[in-house]
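Q:
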Amino acid sequence: MELPKIKILDEKHKILHEVSKEATFPISKEDRKLAEDTIKYLEMSQDEKIAEKYNLRAGMGMAFVQMGHKKRIFVIANELEEKGTFEEYIIINPKIISESEELIYVGEGEGCLSVNREVEGIVPRHARITIEYYDYEGNKKKMRAREDLAVAFQHEIDHLNGILFVDKIDKKDPFKNKNKMREI
Numbered sequence: 003m004e005l006p007k008i009k010i011l012d013e014k015h016k017i018l019h020e021v022s023k024e025a026t027f028p029i030s031k032e033d034r035k036l037a038e039d040t041i042k043y044l045e046m047s048q049d050e051k052i053a054e055k056y057n058l059r060a061g062m063g064m065a066f067v068q069m070g071h072k073k074r075i076f077v078i079a080n081e082l083e084e085k086g087t088f089e090e091y092i093i094i095n096p097k098i099i100s101e102s103e104e105l106i107y108v109g110e111g112e113g114c115l116s117v118n119r120e121v122e123g124i125v126p127r128h129a130r131i132t133i134e135y136y137d138y139e140g141n142k143k144k145m146r147a148r149e150d151l152a153v154a155f156q157h158e159i160d161h162l163n164g165i166l167f168v169d170k171i172d173k174k175d176p177f178k179n180k181n182k183m184r185e186i
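In the working numbering, the protein residues as written are 3 to 186.
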């Protein structure tokens, strides 16, 4: 299997700090191909042997803006318990319509393919969210996400709003309110 050519922008790129525009329908062939290629790239990045061969950092999600396209589209490749099997999501024009009061954080810290450095601190995330979004054909959908998937969706939606996870870490106290949240 050949690795798709995906250009990922670094955190310093100004487009990553801008709000992405709503995608218009119908979704172009180019955008569909980019979404499919990105999912393939993410799945390959989560395979240790392939990641080592191509010097990849494992990634679960990617927003179009991370590749220089200011459109409200992101993809997720969520590896299931059975290694090498994935839930694939292509999310267009998402909106969070409800979120739990319970806050969680990723114990080992969040990462991002646009942030090529170690970052200490916690990012508060809602444990459960419900989103509305659209599929390729412009059909409105609704979906609930919990735990890891909820974190990934919130992380990618932040990208669409020009926010990186590092922006959400308290600069003075990176582990602030840790005891008020649940670690995952």
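Every residue gets a Cβ at the ideal spot worked out from N, C-alpha and C, and that includes glycine.
(1) Taking G111 and V121 to be in contact with their CB atoms under 8 Å, please state how far apart those CB atoms are, rounded to whole angstroms.
(2) Alpha helix (DSSP H) containing F155: first to last residue?
(3) What three-state label does DSSP hand S100 in the structure shown?
(4) Spatial neighbours of E13 within its chain, please: C-beta separation below 8 Å, excluding the five flanking residues on both sides.
(5) Does the region 51 to 58 come close enough to the region 70 to 78 to have 3 or more Cβ pairs within less than 8 Å?
(6) Buried or exposed: K144, going by 16 or more other Cβ atoms within 10 Å of its Cβ?
(7) Inspect the beta-carbon positions of E185 and Y107 and report whether they are closer than 8 Å.
(8) Alpha carbon to alpha carbon, what distance is there between R148 and M64?
(9) Give the C-beta separation of I8 and M69 to the nearest angstrom, bearing in mind that I take them to be a contact with Cβ-Cβ under 8 Å.
(10) Pick from E134, I171, G164, I131: whose alpha carbon is nearest that of I17?
(11) Taking the beta carbon of R127 as the centre, do at least 16 other beta carbons fall within 10 Å, making it buried, or is it exposed?
(12) Taking only three categories from DSSP, how would you classify I41?
A: So, from the data block:
(1) 6 Å
(2) 149 to 162
(3) strand
(4) C114, S116, V117, N118, L166, V168
(5) no
(6) exposed
(7) yes
(8) Computed Cα separation, rounded: 18 Å.
(9) About 6 Å; that satisfies the 8 Å criterion.
(10) G164
(11) R127 comes out buried.
(12) helix
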